[in-house]
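Quick note, the sequences are listed as chains A and B, same order. Counting with the working numbering, you get residues 83 to 434 for the letters of the first sequence. Counting with the working numbering, you get residues 31 to 381 for the letters of the second sequence. Glycine is no exception: its CB is placed at the ideal position from the N, C-alpha and C atoms. Report on the structure given below.
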Amino acid sequence: MARVAAPLAACVTAVVLGAVGACRGDAAAKAAPGAGVGSTLRAVRARGAVKCGITQGSGFATPDDAGRWRGFDVDFCRALAVALFNDADKVQFIPYTQQQRFSGLESGEVDLLVNGTSLTSSRALHQPLHFGPVYFYDGQGFLVPRSSRATRASMLDGATICVQQGTTTELNLTDFARRNRITLKPVVMEDLRAVVSALAGGRCDAISQDGAGLATTRTMLRDPEAFRILPDRISKEPIVPVVRAGDDQWLEVVNWVFRAPVQAEEYGIDQHNVAQFLESADPSIRRFLGVEPGATDGLGLDPKWVYDVIAKCGNYRDIFERNLGAATPLRIDRGLNKLWTDGGLLYSPPFR
Amino acid sequence: MGLTVTTLWWLGHNAVASLERHGLSLGFGFLKQPANFAIGDTAWLSFSPENTVGRAILVGFLNTALISALGCVLAIALGFFVGVLRLSPNPAVGGLARAGVEVMRNTPLLLLLLLLAASLHGLPPAERALHPAPGVFLSDRGLILPEIRVSGLTVWLGAATLATVLLRRALGRLGWRVAAMAAVASVASLVVRPPVVGVARLDGFNFAGGTTLSPEFAALLAALVLHQSAHISEVVRGAIVAVPRGQRDAARALGLSRFQVLRLVTVPLALRAMVPLLATNCVSLIKNSSLAVAVGFPDVVSVLNTVGNQTGHNLETMLMMMVLYLSLSFAVAGALNRYNTALLARGAPAR
Numbered sequence: 083m084a085r086v087a088a089p090l091a092a093c094v095t096a097v098v099l100g101a102v103g104a105c106r107g108d109a110a111a112k113a114a115p116g117a118g119v120g121s122t123l124r125a126v127r128a129r130g131a132v133k134c135g136i137t138q139g140s141g142f143a144t145p146d147d148a149g150r151w152r153g154f155d156v157d158f159c160r161a162l163a164v165a166l167f168n169d170a171d172k173v174q175f176i177p178y179t180q181q182q183r184f185s186g187l188e189s190g191e192v193d194l195l196v197n198g199t200s201l202t203s204s205r206a207l208h209q210p211l212h213f214g215p216v217y218f219y220d221g222q223g224f225l226v227p228r229s230s231r232a233t234r235a236s237m238l239d240g241a242t243i244c245v246q247q248g249t250t251t252e253l254n255l256t257d258f259a260r261r262n263r264i265t266l267k268p269v270v271m272e273d274l275r276a277v278v279s280a281l282a283g284g285r286c287d288a289i290s291q292d293g294a295g296l297a298t299t300r301t302m303l304r305d306p307e308a309f310r311i312l313p314d315r316i317s318k319e320p321i322v323p324v325v326r327a328g329d330d331q332w333l334e335v336v337n338w339v340f341r342a343p344v345q346a347e348e349y350g351i352d353q354h355n356v357a358q359f360l361e362s363a364d365p366s367i368r369r370f371l372g373v374e375p376g377a378t379d380g381l382g383l384d385p386k387w388v389y390d391v392i393a394k395c396g397n398y399r400d401i402f403e404r405n406l407g408a409a410t411p412l413r414i415d416r417g418l419n420k421l422w423t424d425g426g427l428l429y430s431p432p433f434r
Numbered sequence: 031m032g033l034t035v036t037t038l039w040w041l042g043h044n045a046v047a048s049l050e051r052h053g054l055s056l057g058f059g060f061l062k063q064p065a066n067f068a069i070g071d072t073a074w075l076s077f078s079p080e081n082t083v084g085r086a087i088l089v090g091f092l093n094t095a096l097i098s099a100l101g102c103v104l105a106i107a108l109g110f111f112v113g114v115l116r117l118s119p120n121p122a123v124g125g126l127a128r129a130g131v132e133v134m135r136n137t138p139l140l141l142l143l144l145l146l147a148a149s150l151h152g153l154p155p156a157e158r159a160l161h162p163a164p165g166v167f168l169s170d171r172g173l174i175l176p177e178i179r180v181s182g183l184t185v186w187l188g189a190a191t192l193a194t195v196l197l198r199r200a201l202g203r204l205g206w207r208v209a210a211m212a213a214v215a216s217v218a219s220l221v222v223r224p225p226v227v228g229v230a231r232l233d234g235f236n237f238a239g240g241t242t243l244s245p246e247f248a249a250l251l252a253a254l255v256l257h258q259s260a261h262i263s264e265v266v267r268g269a270i271v272a273v274p275r276g277q278r279d280a281a282r283a284l285g286l287s288r289f290q291v292l293r294l295v296t297v298p299l300a301l302r303a304m305v306p307l308l309a310t311n312c313v314s315l316i317k318n319s320s321l322a323v324a325v326g327f328p329d330v331v332s333v334l335n336t337v338g339n340q341t342g343h344n345l346e347t348m349l350m351m352m353v354l355y356l357s358l359s360f361a362v363a364g365a366l367n368r369y370n371t372a373l374l375a376r377g378a379p380a381r
């Protein structure tokens, strides 16, 4: 026993001693970020592919029959690959559970996460991460059997709620219960399939997830029609792409690639008509599509990258309808994800 | 040894350096923050979201300790029973035991766990709960039993009784007397402050009052016990077979019955061979209990994962996980090793 104990104790000591060192070096460490500017883009170019961290979920990221990744998140990763390499296949998808994702990004295993991460102040401030623009507005809700006595979220007093681990779900659920002075008993599981089977088996009265997640989860049940999503949203979930802190250039690349499909929809440019717009007389459209230079020069991308992205991946509506819209099993309403001109929240800063 | 220390130092230093590069710092200040998440299953300590992160981790650790302690005892008991059955002269009994052991031993534990959890979901819903006795309900919410709340006074006196029994040697001749007094006092406290019995009743979605054995706990415990007892039964069988045949023949020749031979000769001799292996099996059961998160039981790994995700202190939670599992495993291995030493001393020839 003692022979085993010694090295393990030493290991613990080493880490603890190291921790003391870290505390001393704290002030210096805060000044350090910035050293990595440009490093991600260089690494991506050298590798010849973007590494995109995703989380499996139908409509957002699933492999099809041929093993090709498809989905809303996947299409945004592909848009980035098109912007960088003019090739929607120059991207490697690395699936994470919600729980592993930040470690995967922080360790450099992927270049960004496009996996339904919601932006919160504590994530922004306590973790060495930066967040891109909101590409999907969501909110946490509940999925219950149609036979449930609860028709509003506030009627769930005493209910057992199954949730997936490693998300803000647990926190929102607890806050909601405390705000409304009801008790909710959480059962926390690592795998979404376990959560689904617990709901189907009657172990839980409801499951709680982001609204889009619930729409996806509902299709995983054997009889989706026997379940309904309660109308209440108990949280705000602005879904953003995530990059490592310290590389501002990479953050800007991600920012503008994610904004391009939104701006394209606002201009009425879509996947099918984008070629016609190359002849447009509107100077802002000419700058946007790269016919006239200047709008996104500093990014280190091909001047025509916006044209390529829209031609290969489509505008926001194309991406949304292809993966989540009325023609898909998910049938998610655009809701908040309409353009600001249509009463939604999507608003791209100008490309100029 | 020196090399190991150097390597580990280097690893620790490396981790810290890379944390610094990312602008992260280590520290355990987050343990004092409010947890802001709820825990569904609490064994002894009550827990609510306003409590600290530290308390949440303690609750998770107690859950792990409870499932490990119960699991070890039950796995050894079942393993012993099955191990003896396997040596039965009756081929049907022996064959059946063998088949059971082979199936359990060669199935991944996670599979068994998920299967058990899924089958427990098949129990009737709370409104149609089985109701075999007053205050007892069995449904997909778990097994609900009447709750007996003992006063704090009784708990302290009971603990004092246990402590004096354990320390009786140190207390010398007074030992037994003090222990007896403490025991009498704790019984008396039951009269002064009688325990309260709470009976559950169905209220809306769930049962209110009473105490609940959750399906997650039951599934995890059953899976751990079934899996580990299969391994233990092999240890028991091997140890019994290893007892020299002559010993058994001699005992039979003295006219002892088959059961007496087992109880008086074979098992005491076999114990020496099996105790260190039982310790190993217990330790592996403790470590396997971390599969809890697959079925939703809030063990220490599950709670620490949530904490790491909420606070961003992943390295610290990982470190705590290591230290907690190490201490639990060392405690169990240490206790069984001491028992083993005592056992060997008992059998040593007098000098």
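{"Query": "Rounded distance between the beta-carbons of B/Leu175 and B/Leu153, thought under 8 Å", "Result": "Actually they do not touch by this definition, with Cβ atoms about 15 Å apart."}
{"Query": "Spatial neighbours of A/Phe224 in its chain, beta-carbon cut-off 6 Å, leaving aside the 5 residues before and after", "Result": "Ala235, Ala288, Ser290 and Leu312"}
{"Query": "Short-range partners of chain A found in the segment 88-109 of chain B, where Cβ spacing is below 8 Å", "Result": "none"}
{"Query": "Within 7 Å, strictly: CB atoms of A/Lys385 and A/Pro375", "Result": "The question names Lys, yet the displayed sequence has Pro at residue 385 of chain A. Result yes, Cβ atoms of A/Pro385 and A/Pro375 sit closer than 7 Å."}
{"Query": "Burial state of B/Asn339, where buried means 16 or more other Cβ atoms lie within 10 Å", "Result": "buried"}
{"Query": "Interface flag, B/Phe77 vs chain A, CB-CB below 7 Å", "Result": "no"}
{"Query": "Distance, A/Thr256 Cα to A/Arg300 Cα", "Result": "23 Å"}
{"Query": "Between the CA atoms of A/Cys134 and B/Phe67 - distance to the nearest angstrom", "Result": "30 Å"}
{"Query": "For B/Arg231 and A/Tyr219, the rounded distance between their alpha carbons", "Result": "42 Å"}
{"Query": "Neighbourhood of B/Val362 by C-beta distance below 8 Å, restricted to the same chain and skipping five residues each side", "Result": "Ser98, Cys102, Ala309, Cys312, Val313 and Ile316"}
{"Query": "Three-state secondary structure assigned by DSSP to A/Ser290", "Result": "strand"}
{"Query": "Same chain, Cβ closer than 7 Å to A/Ala114, five either side skipped, listed in chain order", "Result": "In this predicted model, A/Ala114 has a pLDDT of only 35, less than 50, meaning its place in the structure is not dependable enough to derive any value."}
{"Query": "Closer than 6 Å: A/Gln182 CB and nearest the ligand ATP heavy atom", "Result": "You won't find the ligand ATP in this model; it holds no ligand whatsoever."}
{"Query": "Cross-strand partners of A/Arg234 (DSSP beta bridge)", "Result": "According to DSSP, A/Arg234 bridges with nothing at all."}
{"Query": "Within the segment 81-168 of chain B, ranges of the beta strand (DSSP E) (whole runs, at least 3 residues)", "Result": "160-163"}
{"Query": "Alpha helix (DSSP H) runs contained entirely in the segment 275-341 of chain A, provided each spans 4 or more residues", "Result": "293-302"}
{"Query": "Rounded separation between A/Arg399 and A/Tyr429 - CA only", "Result": "13 Å"}
{"Query": "Residue of A/Arg124, A/Val156, A/Thr144 and A/Asp193 minimising C-alpha distance to A/Ala327", "Result": "A/Asp193"}
{"Query": "Chain B within 7 Å of A/Arg285, Cβ atoms only", "Result": "yes"}
{"Query": "Sequence-distant residues of the same chain with beta carbon closer than 6 Å to A/Asn262, five excluded per side", "Result": "Ser236"}
{"Query": "A/Pro268 - DSSP class collapsed to helix/strand/coil", "Result": "strand"}
{"Query": "At least three beta-carbon pairs within less than 8 Å, the segment 151-166 of chain A to the segment 421-428 of chain A", "Result": "no"}
{"Query": "Inter-residue spacing [alpha-carbon to alpha-carbon] between A/Thr410 and B/Gly124", "Result": "57 Å"}
{"Query": "Helix, strand or coil at A/Leu201 [DSSP, three-state]", "Result": "coil"}
{"Query": "6 Å CB neighbourhood of B/Met211 in its chain, flanking five on each side removed", "Result": "none"}
{"Query": "Rounded straight-line distance, which links the Cα of B/Asn236 to that of B/Val337", "Result": "27 Å"}
{"Query": "Assigned secondary structure, A/Asp390 (DSSP; H/G/I helix, E/B strand, else coil)", "Result": "helix"}
{"Query": "Counterpart residues of B/Pro6 in DSSP-defined beta bridges", "Result": "This structure cannot speak to residue 6 of chain B, because chain B is shown only from 31 to 381."}
{"Query": "Assigned secondary structure, A/Asp193 (DSSP; H/G/I helix, E/B strand, else coil)", "Result": "coil"}
{"Query": "A/Thr137, DSSP secondary structure in three states", "Result": "coil"}
{"Query": "Where B/Glu177 sits in the DSSP three-state scheme", "Result": "strand"}
{"Query": "Cα-Cα separation, B/Leu139 to B/Val325", "Result": "12 Å"}
{"Query": "Length of the line joining the Cα atoms of B/Thr296 and B/Arg278", "Result": "7 Å"}
{"Query": "Cβ pair count under 8 Å reaching 3, the segment 117-135 of chain B against the segment 248-263 of chain B", "Result": "yes"}
{"Query": "Cβ-based contacts, 8 Å cut-off: residues of the segment 322-337 of chain B near chain A", "Result": "Val323, Ala324, Val325, Gly326, Pro328, Ser332, Asn335 and Thr336"}
{"Query": "Test: B/Gly239 CB closer than 7 Å to a CB of chain A", "Result": "no"}
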